[in-house]
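**Q** Chains U and Y, in that order, are what the protein sequence lines are. Under the working numbering, think of the first position of the first sequence as 1, with each following residue one higher. Under the working numbering, think of the first position of the second sequence as 122, with each following residue one higher. Heads up, the beta-carbon is just placed ideally off N, CA and C, and yes, glycines get one too. Everything numeric in this text was worked out from a predicted model, so none of it was measured. Dropping a structure here in structure tokens format, bear with me for questions.
2 protein chains.
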Amino acid sequence: MLIGELAAQAGMTKDTIRFYEKLGLVTGRRLPNGYRDFPPETVAWLLYVRTAQTLGFSLAEIARLGEELRDAPDSAAALSELFAEKIALIDARMAELAALRADLDARVGTGCPLRADRPAD
Amino acid sequence: MLIGELAAQAGMTKDTIRFYEKLGLVTGRRLPNGYRDFPPETVAWLLYVRTAQTLGFSLAEIARLGEELRDAPDSAAALSELFAEKIALIDARMAELAALRADLDARVGTGCPLRADRPAD
DNA sequence: CTAAAGGGTGGAGTAGGGTCCAAGGTCAAG
DNA sequence: CTTGACCTTGGACCCTACTCCACCCTTTAG
Numbered sequence: 001m002l003i004g005e006l007a008a009q010a011g012m013t014k015d016t017i018r019f020y021e022k023l024g025l026v027t028g029r030r031l032p033n034g035y036r037d038f039p040p041e042t043v044a045w046l047l048y049v050r051t052a053q054t055l056g057f058s059l060a061e062i063a064r065l066g067e068e069l070r071d072a073p074d075s076a077a078a079l080s081e082l083f084a085e086k087i088a089l090i091d092a093r094m095a096e097l098a099a100l101r102a103d104l105d106a107r108v109g110t111g112c113p114l115r116a117d118r119p120a121d
Numbered sequence: 122m123l124i125g126e127l128a129a130q131a132g133m134t135k136d137t138i139r140f141y142e143k144l145g146l147v148t149g150r151r152l153p154n155g156y157r158d159f160p161p162e163t164v165a166w167l168l169y170v171r172t173a174q175t176l177g178f179s180l181a182e183i184a185r186l187g188e189e190l191r192d193a194p195d196s197a198a199a200l201s202e203l204f205a206e207k208i209a210l211i212d213a214r215m216a217e218l219a220a221l222r223a224d225l226d227a228r229v230g231t232g233c234p235l236r237a238d239r240p241a242d
């Protein structure tokens, strides 16, 4: 799969993919003419990257995860550990969100805004 | 409260607070000598800013929320609407996280990594 | 043969979010 | 009156994540 098709399917620009390649987030073979050639699963991976990113993981973190996956291809245990780690992180974020939600929820209807940045005028 | 104390209590540097002031995220009075003077509630506001930020809201979004709060100080209805909006956003993010979590969870133990960025070698 | 559509490179520029000076004013203690 | 801990400003600089650009090569269609 050439970069253009990958970009179209993953919903990002070619530039972004080349940028991700520099970061080691994706790796492609090269065809004899120098063109990048990506396996079809890269689409799923890029979609995963986008998701992880919107959830607050930096590209560096995501790349690290990817590398760790590549480095421990056989060890299901190691993978489980990695995922468990990420899941714990997600749970923590969800708890934070829940707390913020509860906070906002409590304020709804009370008429008590967060006007904390005004001097008491 | 002077900027140094505020910074210490909010767990950020003075530079960051001055930067936030430029963005309109915090506003302080000035003392006759030119020093910034913040009301004590600013600490809570800054902690709130940090939380919202780690949850994926940009400083611009947070500032907008703050402004809207200031612009509609009396209308509990308007406030409720704003909060309801943020809550909806939070719910959406939580759903995304839950989905990612389920995704990772399903992979744990299956030994099926995300090795989508490798050419099939 | 040429044009269009795809690809490649390096490097500059942007926006967001800080972080770090350097030069200088203010104020309380000794 | 000096020292030290505060504060002020402006501007340079850094990182992240892109985005755009100019310039050049490759492949296919007419």
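Bridge partners for D37/U per DSSP, in chain order?
**A** For this step, residue 37/U is matched to residue 37 along the first sequence. According to DSSP, D37/U bridges with R29/U.
**Q** Work out the CA separation of M122/Y and Y156/Y for me, nearest whole Å.
**A** In the second sequence, residue 156/Y corresponds to position 35, counting from 1. In the second sequence, residue 122/Y corresponds to position 1, counting from 1. Cα to Cα, Y156/Y sits roughly 10 Å from M122/Y.
**Q** Below 9 Å on C-beta distance, what does I90/U contact in chain Y?
**A** Within the first sequence, residue 90/U is the residue found at index 90, counting from 1. Within 9 Å Cβ-Cβ: L218, A219, L221, R222, L225.
**Q** Unbroken beta strand (DSSP E) runs of length 3 or more, entirely within the stretch 161–227 of chain Y: which are they?
**A** Taking only runs of at least 3 residues, no beta strand (DSSP E) segment lies wholly in the stretch 161–227 of chain Y.
**Q** Would A181/Y pass as an interface residue toward chain U - the criterion being a Cβ-Cβ separation below 9 Å?
**A** Translated into the one-based positions of the second sequence, residue 181/Y becomes position 60. By this cut-off, A181/Y is not an interface position.
**Q** Work out the CA separation of L31/U and S179/Y for me, nearest whole Å.
**A** Within the second sequence, the letter at position 58 stands for residue 179/Y. Within the first sequence, the letter at position 31 stands for residue 31/U. Straight-line Cα distance between these residues: approximately 41 Å.
**Q** Any C-beta of chain U sitting closer than 9 Å to the C-beta of A173/Y?
**A** Counting from 1 along the second sequence, the entry for residue 173/Y is found at position 52. It does: the Cβ of A173/Y has a partner Cβ on chain U nearer than 9 Å.
**Q** Within 10 Å of its beta-carbon, does P161/Y have 16 or more other beta-carbons around it, so buried, or fewer, so exposed?
**A** Within the second sequence, numbered from 1, the residue matching residue 161/Y stands at position 40. Looking at its Cβ environment, which holds fewer than 16 other Cβ atoms inside 10 Å, P161/Y is exposed.
**Q** Where do the ends of the alpha helix (DSSP H) carrying G4/U lie?
**A** Translated into the one-based positions of the first sequence, residue 4/U becomes position 4. 3–10 is the extent of the alpha helix (DSSP H) around G4/U.
**Q** For L176/Y, which residues in chain U fall below 9 Å Cβ to Cβ?
**A** Numbered from 1 along the second sequence, position 55 holds the residue referred to as residue 176/Y. Ordered by position in chain U, the residues that pass the 9 Å Cβ test against L176/Y are G56, R93, E96, L97, L100.
**Q** Between the C-alpha atoms of L47/U and N154/Y, what's the straight-line distance to the nearest angstrom?
**A** Here residue 47/U refers to the residue found at position 47 of the first sequence. Here residue 154/Y refers to the residue found at position 33 of the second sequence. So the two alpha carbons sit approximately 54 Å from each other.
**Q** Determine whether the Cβ of F19/U lies closer than 9 Å to any Cβ atom of chain Y.
**A** Position 19 of the first sequence, counted from the first residue, corresponds to residue 19/U. It does not: the Cβ of F19/U has no partner Cβ on chain Y nearer than 9 Å.
**Q** Give the single residue among K14/U, L6/U, L23/U whose Cα lies nearest to the Cα of G66/U.
**A** Reading the first sequence from its first residue, position 66 is the one you call residue 66/U. Checked all of K14/U, L6/U, L23/U; the closest Cα to G66/U is L23/U.
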